[in-house]
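Each step along the sequence shown adds one to the number in my numbering, with nothing skipped, and position 37 is 1289.
All residues carry an ideal CB built from backbone N, CA and C; glycine is no exception.
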Amino acid sequence: MISKFRISIRLKHQKFLKNYQTSVFKSQTQIDYFFVK
């Protein structure tokens, strides 16, 4: 149970980093708005 939970969190984290990186390339203002919100 715990190992599966950790794996899912890791995958979600990687997905977030991927989306974050692409967003940075697309528009810096979107990132700023994301963190302000």
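Return the CA-CA distance between residue i and residue j, expressed in angstroms with no decimal places.
i            : j            : result
residue 1256 : residue 1276 : 30 Å
residue 1263 : residue 1278 : 23 Å
residue 1267 : residue 1259 : 12 Å
residue 1269 : residue 1254 : 23 Å
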